[in-house]
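>
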Amino acid sequence: MAGHLAIGHTRYSTTGSGTWENAQPSFRTLETGGSLALGHNGNLTNTSELSALAASLDPRTGAMGATTDSDLITTLLAAQPGRSPHDAAREVLPTLQGAFCLTFMDERTLYAARDPHGVRPLVLGRLDRGWVVASETAALDIVGATLVREVEPGELLAIDEDGVRSERFAPATPKGCLFEYVYLARPDTTIAGRSVNTARVQTGRTLAFEAPVDADLVIPVPESGTPAAIGFAEQSGIPYGQGLVKNAYVGRTFIQPSQTIRQLGIRLKLNPLREVIAGKRLVVVDDSIVRGNTQRALVRMLREAGAAEVHVRISSPPVMWPCFYGIDFASRAELIASGMGVEEIRSSIGADSLAFVSLEGLTAASSQPAERLCRACFDGSYPIPIPKRDLATKHVLEGAGAVRRATRSQLAGHTAEHEHVAAGQVVVHNGLASVDRMDAVLGQELDGDAGAADADAGQVDVGAVDVLVRP
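In numbering that gives the first Met the number 0, the protein residues as written are 0 to 470.
1) Taking a contact to mean a Cβ-Cβ separation below 8 Å, would you say residue 206 touches residue 309 in this structure?
2) Taking all protein chains shown into account, decide if residue 368 is buried (16 or more other Cβ within 10 angstroms of its Cβ) or exposed.
3) For the candidate residues 149, 113, 70 and 158, whose alpha-carbon lies nearest to that of residue 106?
4) Report all residues from its chain with a CB closer than 6 Å to the CB of residue 337; omit the five preceding and five following residues, and keep chain order.
5) Nearest-angstrom Cα distance between residue 202 and residue 209?
6) Inspect the beta-carbon positions of residue 72 and residue 39 and report whether they are closer than 8 Å.
7) On the three-state DSSP scale, how would you describe residue 308?
8) Starting from the Cα of residue 300, find the closest Cα among 333, 313, 350 and 312 and give me that residue.
9) Say whether the stretch 138-147 touches the stretch 96-114, bearing in mind that this needs 3 or more beta-carbon pairs closer than 8 Å, one atom from each stretch.
10) If residue 37 sits next to residue 47, beta carbons under 8 Å apart, how far is it from one beta carbon to the other, in whole angstroms?
11) With burial defined as no fewer than 16 other Cβ atoms inside 10 Å of the residue's Cβ, what is the status of residue 179: buried or exposed?
12) Give a yes or no on whether the C-beta atoms belonging to residue 218 and residue 288 are separated by under 8 Å.
13) Between the Cα of residue 185 and those of 171, 153, 174 and 222, spot the shortest distance and give me the residue it belongs to.
14) Three or more C-beta pairs under 8 Å: does that hold for the stretch 117-135 against the stretch 77-88?
15) Taking the C-alpha atoms as reference points, what is the distance between residue 174 and residue 378?
16) Quick one: measure Cβ to Cβ for residue 283 and residue 220, integer angstroms, because I've assumed they're closer than 8 Å.
17) On the DSSP bridge assignment, give the partners of residue 113 in chain order.
18) Going along the chain, which residues of its own chain have a beta-carbon closer than 6 Å to the beta-carbon of residue 193, five neighbours each way excluded?
19) Whose C-beta lies closer than 6 Å to the C-beta of residue 224 among residues of the same chain, with five residues either side of it excluded?
20) Quick check on this structure: which residue in 386, 164 and 373 has the alpha carbon closest to the alpha carbon of residue 181?
21) At which residues does the alpha helix (DSSP H) containing residue 47 begin and terminate?
22) Which full runs of the alpha helix (DSSP H) of 4+ residues lie inside the stretch 190-249, going along the chain?
23) Check for me: the alpha helix (DSSP H) holding residue 342 runs from which residue to which?
24) Taking the alpha-carbon positions, what's the residue 171 to residue 383 distance?
25) Among 117, 271 and 333, which residue has its Cα nearest to the Cα of residue 305?
26) Is it right to say residue 393 is buried, meaning 16 or more other beta carbons lie within 10 angstroms of its own, or is it exposed?
27) Identify, in the order they occur along the chain, each residue of the same chain with its Cβ nearer than 8 Å to the Cβ of residue 334, setting aside the five sequence neighbours on each side.
28) Helix, strand or coil for residue 178 per DSSP?
29) Does the distance from the CB of residue 381 to the CB of residue 118 come in under 8 Å?
30) Below 7 Å CB to CB, which residues in the same chain sit around residue 531 once its five sequence neighbours on both sides are set aside?
31) Does residue 376 come out as helix, strand or coil in the three-state DSSP assignment?
32) Following the continuous alpha helix (DSSP H) through residue 136, name the residue where it begins and the one where it ends.
33) Buried or exposed, going by whether 16 or more other CB atoms sit within 10 Å of the CB of residue 235?
34) Only counting the same chain, and skipping five residues up and downstream in sequence, which positions put a Cβ closer than 7 Å to that of residue 1?
35) Indicate the three-state DSSP secondary structure (helix, strand or coil) for residue 8 in the structure shown.
36) According to DSSP, is residue 338 part of a helix, a strand, or is it coil?
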């Protein structure tokens with residue numbers, strides 16, 4: 000494919016179903032005769048107002064069946080009479096609420112923007128003859144780019160043949176997602192200067208200190224549980240081993256769009272090594288419990304394979320609150336910890352014991368001060384205003400007429416989907432690197448109950464690649 004400028008994108012949905020109509024980049028023809036393409040990683044919380052505004056500016060909104068906030072942003076940027084995409088961005092970006100990392104382009108310039116809270120990561124890199132914007136630093140490593148810096152919260156970048164220009168569209172009030180350190184980010188990436196792998200190993204050490212147990216063997220739920228299991232074994236002195244083999248051809252269960260598919264994925268994903276675990280008292284380390292699907296099936300599987308005891312240790316606190324900023328657990332009804340205490344969850348999954356790392360322990364492992372983190376899924380403290388809870392669900396823009404025919408009152412409270420994007424000249428979605436966040440791309444594997452088996456395992460996801468290479 001020839002060209003000097005491009006955007007690519009892979010997506011998993013939080014609102015707006017996983018249909019071809021919702022695939023990214025989204026696209027609009029400009030009044031000037033050019034075109035605009037956009038990719039988005041995040042989730043907006045003021046889709047109500049944006050939906051009504053987009054419908055008034057462009058009657059085509061929703062006509063192609065798209066039901067995402069990304070499509071709304073594209074409409075708003077493209078439907079600014081007499082304005083260039085750059086000027087339109089200056090007008091539109093301050094009106095967006097929620098979590099968003101954007102990459103968008105016309106025929107001459109590539110733009111990247113990050114929301115004022117910096118909920119999702121976005122980094123700028125340099126190639127010999129071009130620039131790169133990606134959701135993870137691991138993506139830069141894979142394409143041979145050098146990390147320049149993080150895109151700042153509230154910053155807009157414009158990249159063309161003259162280089163990179165930067166401006167602010169809002170003051171920065173950082174609230175980076177703590178769940179990135181738990182599950183979303185690849186272990187070989189860095190966030191705010193902290194290695195994700197190092198943070199996860201440290202979390203495992205903390206977990207062993209906070210919740211010790213007598214056992215014969217520590218095993219991870221691969222791959223997202225592996226770094227924490229290593230840390231747990233180091234701190235506890237219990238030998239570390241591989242007790243589970245993951246099927247590399249099964250997608251990540253946490254990311255799957257329906258409960259039925261998640262449960263099928265769990266059954267196909269993991270297989271125990273009977274000769275390793277038979278007769279052993281096991282410590283099974285996983286990154287999180289969201290719905291409880293993985294752990295329940297896993298404990299049963301290990302017992303059937305001959306484990307004498309199964310002690311589950313989780314390297315994150317209980318996930319008790321839904322995420323409105325781009326992770327697909329959007330209602331409390333889905334979250335096992337929202338209605339059960341630790342002992343009830345233990346009984347539900349059938350483990351001999353269960354413990355979670357403390358919120359303070361996880362925060363310390365990130366090396367970020369609590370005031371610079373979004374920890375809403377753990378403590379219910381949302382840094383960005385959220386829509387009415389009963390309307391903030393995955394398929395909220397799906398129904399009769401959705402954006403195109405709905406009135407303001409019908410759209411009130413709607414939130415739109417979580418897009419995963421990597422931006423900018425060789426942009427690599429959550430990484431040319433991130434198997435972690437996508438599904439169904441190049442056979443990538445995503446996994447986990449939030450995690451239970453993930454794709455951190457070194458797979459390369461060429462999700463979003465933006466390339467600008469000039470002689």
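Just so it is clear, CB atoms sit at the ideal spot from N, CA and C, and this is done for glycine as well.
Taking the coordinates as given:
1) Looking up residue 206 in the sequence shown gives position 207. Looking up residue 309 in the sequence shown gives position 310. Against a cut-off of 8 Å, the Cβ pair of residue 309 and residue 206 comes out as no contact.
2) Within the sequence shown, numbered from 1, the residue matching residue 368 stands at position 369. Exposed.
3) Here residue 106 refers to the residue found at position 107 when the sequence shown is read from its first residue. When each option's Cα is compared against that of residue 106, the closest is 158.
4) Taking the first residue of the sequence shown as position 1, residue 337 is located at position 338. These residues qualify, in order along the chain: 319 and 331.
5) What you label residue 202 is simply residue 203 of the sequence shown in a count that begins at 1. What you label residue 209 is simply residue 210 of the sequence shown in a count that begins at 1. Approximately 10 Å, taken between the alpha carbons.
6) Your numbering for residue 72 matches position 73 in the sequence shown. Your numbering for residue 39 matches position 40 in the sequence shown. It is a contact, given that the beta carbons lie within the stated cut-off.
7) Within the sequence shown, numbered from 1, the residue matching residue 308 stands at position 309. In the structure shown, residue 308 sits in a strand (DSSP, three-state: E or B).
8) Position 301 of the sequence shown, counting from 1, holds the residue named residue 300. Answer by Cα proximity: 350.
9) no
10) Numbered from 1 along the sequence shown, position 38 holds the residue referred to as residue 37. Numbered from 1 along the sequence shown, position 48 holds the residue referred to as residue 47. Rounded, the Cβ-Cβ distance is 20 Å, inconsistent with contact.
11) Counted from its first residue, the sequence shown places residue 179 at position 180. Buried, since its Cβ has 16 or more Cβ neighbours within 10 Å.
12) As a working mapping, residue 218 is identified with position 219 in the sequence shown. As a working mapping, residue 288 is identified with position 289 in the sequence shown. Not a contact, by the Cβ cut-off of 8 Å.
13) As a first step, residue 185 must be located in the sequence shown, where it is residue number 186. Answer by Cα proximity: 222.
14) no
15) If you number the sequence shown from 1, residue 174 lands on position 175. If you number the sequence shown from 1, residue 378 lands on position 379. For residue 174 and residue 378, the distance between alpha carbons rounds to 14 Å.
16) Counting from 1 along the sequence shown, the entry for residue 283 is found at position 284. Counting from 1 along the sequence shown, the entry for residue 220 is found at position 221. Residue 283 to residue 220, Cβ: 6 Å. Contact.
17) Stepping through the sequence shown from its first residue, residue 113 is reached at position 114. 100, per the DSSP bridge assignment.
18) To locate residue 193, count along the sequence shown from 1; it is residue 194. So the list reads 366, once near-sequence residues are dropped.
19) By one-based count along the sequence shown, residue 224 stands at place 225. The residues are 284, 285 and 286.
20) On the sequence shown, residue 181 is found 182 positions in, with the first residue counted as 1. Here the closest residue by C-alpha is 373.
21) Residue numbering aside, residue 47 sits at position 48 when the sequence shown is read from its first letter. Segment 46-56, the alpha helix (DSSP H) holding residue 47.
22) 195-209 and 225-235
23) Within the sequence shown, numbered from 1, the residue matching residue 342 stands at position 343. Taken as a continuous stretch (DSSP letters only), the alpha helix (DSSP H) holding residue 342 covers 341-348.
24) Position 172 of the sequence shown, counting from 1, holds the residue named residue 171. Position 384 of the sequence shown, counting from 1, holds the residue named residue 383. Their Cα atoms are separated by approximately 13 Å.
25) Here residue 305 refers to the residue found at position 306 of the sequence shown. The option with the nearest alpha carbon to residue 305 is 271.
26) Along the sequence shown, read from residue 1 onward, the residue named residue 393 stands at position 394. Unreliable placement is indicated for residue 393, whose pLDDT of 41 sits below 50; no coordinate value is reported for it.
27) Within the sequence shown, numbered from 1, the residue matching residue 334 stands at position 335. Within the same chain, residue 334 has close Cβ partners 289, 290, 318, 319, 320, 321 and 328.
28) As a first step, residue 178 is located in the sequence shown; it is residue number 179 there, counting from the start. Looking at residue 178 - three-state DSSP - the assignment turns out to be helix.
29) Numbered from 1 along the sequence shown, position 382 holds the residue referred to as residue 381. Numbered from 1 along the sequence shown, position 119 holds the residue referred to as residue 118. It is not a contact, given that the beta carbons lie outside the stated cut-off.
30) Nothing can be reported for residue 531: it is not among the residues displayed for the chain, which extend from 0 to 470.
31) In the sequence shown, counting from the first residue as 1, residue 376 sits at position 377. Of the three classes helix, strand and coil, the one that applies to residue 376 here is helix, per DSSP.
32) As a position in the sequence shown, residue 136 is number 137, starting the count at 1. Segment 136-142, the alpha helix (DSSP H) holding residue 136.
33) Indexing the sequence shown from 1 puts residue 235 at position 236. So residue 235 ends up on the buried side.
34) Numbered from its first residue, the sequence shown carries residue 1 at position 2. Nothing meets the Cβ criterion.
35) Here residue 8 refers to the residue found at position 9 when the sequence shown is read from its first residue. Correct three-state label for residue 8: strand.
36) Mapped onto the sequence shown, residue 338 falls at position 339. Helix, per DSSP.
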